[in-house]
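Visitor: Just passing along the structure, written as C-alpha cells.
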Amino acid sequence: MMVKPLNMIILIFLLIICTSCTNAKTLEKIGIITSVGYEENKDGKIIATISLLQVNPETSPNVTTVTSESLTSKGARLKANLETPKTLQSGQLRVALYNEKLAKNGFIQLADTLARDSSISDLVYLAVVEGSTKKLLEGTKKSGDISQIIFKELDQNIRGEQIPSTSLQETLHKYYSAGQDLVMPILKMEGPNVKITGLGVFHDDMLVGKITPNQSFFVKLINDRYKAGNFEMVLNKDDYPSLPKVKSKSKEIAIVLDTLRSKADIKLKDKEKLDFDLKVKLNARLLEINGGVNLEDPRNIKRLEKSLNEKIEKEIKDIIKYCKSKNSDVFGFGEEYRSSVYRSKLTKKKWHDMYKDIHVNVKVDFSIIRTGIVE
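And the structure:
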C-alpha cells in the first residue's frame with residue numbers, strides 16, 4: 002500500500018516535532034560536563050572539580066561547578082552526581098586540567114581514564130595549572146564560561162603555532178612512545194583572565210621543569226614544521242657584533258618574524274657515542290625591527306640573517322641542555338634512535354638512562370625571504 006505524499010509530509014512533520022520535544026526534555030535532565038580539574042588533598046585523594054553547562058529552555062544556559070573527593074577520578078564523578086539534580090554527561094568535555102603538585106607526582110592514570118570513556122573525544126586538550134584547578138574553574142562566576150575561555154585560548158595558540166598541540170590522543174601517544182617525553186601548557190588565573198605562562202616538561206608522566214613561552218617556540222621548531230605564525234626575538238648588540246648599526250642607543254634590538262616556514266631533521270650520527278645531528282631550516286619575513294635599521298641596504302639584511310642564525314642556534318642548544326638536565330626528551334631523539342638502531346629494544350627507562358649522555362650537533366639555516374613595511 003502506497004502512502005500519499007500529503008500523508009507522508011504530515012508524518013515527517015509529526016516525527017520532527019516529537020523528536021524536538023524529546024531532545025528538549027533530555028537536555029533539561031542532564032548536566033553537560035565541559036571541563037574538569039584534578040588535584041590532590043593531604044590524604045592523597047583526588048579532588049575533582051567539574052564545570053557544568055545546564056540547559057533550561059526557559060532561561061539562558063547556566064554554568065556551575067561541582068567539587069567532590071574520592072580515591073579515583075571515576076569515584077569523584079559518582080559523588081558529584083549525588084550533588085546535582087541533573088545526570089552528568091561527559092560527551093562535551095573540552096579541557097582536562099591538572100594542578101602542578103599532582104602533575105609532579107604523575108597524572109597519566111587520570112588521562113588514561115578519560116581515554117577509556119568512549120563518550121569523550123580524543124581531541125580534549127590537557128593542561129597544567131599553577132595553583133588550584135578548583136579556584137581556576139570557579140572563576141566561571143566572574144568570567145563567564147571558563148571552559149570555553151580556556152579551550153579557545155589553547156586552541157587559538159595551537160592553531161597559531163605558538164605552542165604544541167596537547168590533545169588527549171597526542172599526549173597518550175607520546176607517553177607510550179619509548180623515546181619521547183611530554184610537554185603541556187601551564188595556565189594561571191590572573192584576575193579575570195587565564196594566561197599561558199609557559200610549557201611544562203615531563204619525565205614519563207611527572208612534571209619536572211618549566212620553560213618560558215619564548216622557549217616553547219624552539220621546542221616546536223625542533224618537533225614540528227612551522228607553516229605560519231610569528232615570533233619576536235631580542236638581540237643584545239654586545240653579544241652579536243655582526244648586527245647592523247642602529248640609531249637607537251638601547252643595547253637591545255627587538256625583531257619580529259612573520260610567516261614562518263621551517264623544517265627540522267634529526268639524524269643519529271653515531272649509535273655508540275650517541276651523537277645526533279639536528280638541522281633546522283627556517284625562512285621568515287622580517288615584519289618589524291626597532292632601532293632604525295636601513296632595510297634597503299642588502300648588507301644589513303645579511304648581517305641580520307647571520308645574527309639571527311647565531312641566536313637561534315644558541316637558544317636551541319640552551320633548551321636541549323636544560324631538558325637534558327631534567328632528563329626529559331621532549332624532542333624525540335629517542336624515537337630517532339629507536340627507528341635507526343636495528344633491534345634496539347628501547348624502553349622509556351633504558352632511553353632515560355642513555356639520554357643524559359647524548360651529544361647534539363646543531364646546525365641552523367636561517368633566511369629572510371622578504372621584509373615588511375614597518376622599520
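Going by this note's numbering, the sequence shown wraps up at 376, each residue one higher than the last.
Cβ atoms here follow ideal geometry from the backbone N, Cα and C, with glycine treated the same way.
Quantities reported herein were computed from a predicted structural model and do not represent experimental measurements.
Among residues of its own chain, excluding the 5 on either side of M190, which ones have a beta-carbon nearer than 6 Å to its beta-carbon?
Guide: L137, G140
Visitor: What does a CB cutoff of less than 7 Å around E339 pick up in its chain, not counting 5 residues either side in sequence?
Guide: Residue identity differs from the one stated: residue 339 is Arg in this sequence, not Glu. So the qualifying residues of the chain are A179, G180, S345, L347.
Visitor: Please name the residue, chosen from K307, G210, T68, L72, that lies closest to N82 on a Cα-to-Cα basis.
Guide: T68
Visitor: Any idea what DSSP makes of I109, helix, strand or coil?
Guide: helix
Visitor: Nearest-angstrom Cα distance between K274 and S251?
Guide: 44 Å
Visitor: Compare the C-alpha of F108 against each of A128, Q90, D118, L53 and name the closest.
Guide: A128
Visitor: Measuring alpha carbon to alpha carbon, tell me which of Y343, I147, E316 ends up nearest L236.
Guide: E316
Visitor: Which first and last residues belong to the alpha helix (DSSP H) in which T65 is found?
Guide: Run containing T65: none in the alpha helix (DSSP H); it sits in the beta strand (DSSP E), 63 to 71.
Visitor: Would you tell me roughly how many angstroms separate the C-alpha atoms of E171 and G161, rounded to the nearest one?
Guide: Here the C-alpha atom of E171 lies approximately 18 Å from the C-alpha atom of G161.
Visitor: Measuring straight from C-alpha to C-alpha, what distance separates N291 and K280?
Guide: 29 Å
Visitor: For the region 200 to 213 against the region 101 to 117, are there 3 or more C-beta pairs whose distance is under 8 Å?
Guide: yes
Visitor: So, does the region 64 to 78 touch the region 94 to 109, judging by three or more C-beta pairs under 8 Å?
Guide: no
Visitor: Counting beta carbon pairs with one atom in the region 304 to 311 and one in the region 151 to 166, are three or more of them shorter than 8 Å?
Guide: no
Visitor: Could you give the distance in angstroms between the alpha-carbon of L89 and the alpha-carbon of I34?
Guide: 7 Å
Visitor: What is the C-beta distance between I223 and F332, in whole angstroms, given that I count them as a contact (C-beta under 8 Å)?
Guide: 5 Å
Visitor: Do S329 and D182 come within 7 Å of each other at the CB atom, strictly closer than that value?
Guide: yes
Visitor: Since I believe L261 is in contact with G230 (beta carbons under 8 Å), could you give me their beta-carbon distance rounded to a whole number of angstroms?
Guide: 5 Å
Visitor: Return yes when the Cβ of S120 is within less than 7 Å of the Cβ of S52, no when it is not.
Guide: The answer is no: Cβ separation not under 7 Å.
Visitor: For L173, which three-state DSSP category applies?
Guide: helix
Visitor: Buried or exposed: which applies to K270, given that a residue is buried once 16 or more other Cβ atoms fall within 10 Å of its Cβ?
Guide: exposed
Visitor: Using DSSP's beta-bridge definition, name the partner residues of S409.
Guide: Outside the shown range of the chain, which is 2 to 376, sits residue 409, and nothing can be said about it.
Visitor: Please classify E337 as buried or exposed, where buried requires at least 16 other C-beta atoms within 10 Å of its C-beta.
Guide: With 16 or more other Cβ atoms inside 10 Å of its own Cβ, E337 counts as buried.
Visitor: How about I320 and Q163: do their beta carbons lie closer than 7 Å?
Guide: no
Visitor: Could you give the residue range of the beta strand (DSSP E) that holds Y39?
Guide: 31 to 41
Visitor: Can you tell me whether L200 is helix, strand or coil according to DSSP?
Guide: Looking at L200 - three-state DSSP - the assignment turns out to be strand.
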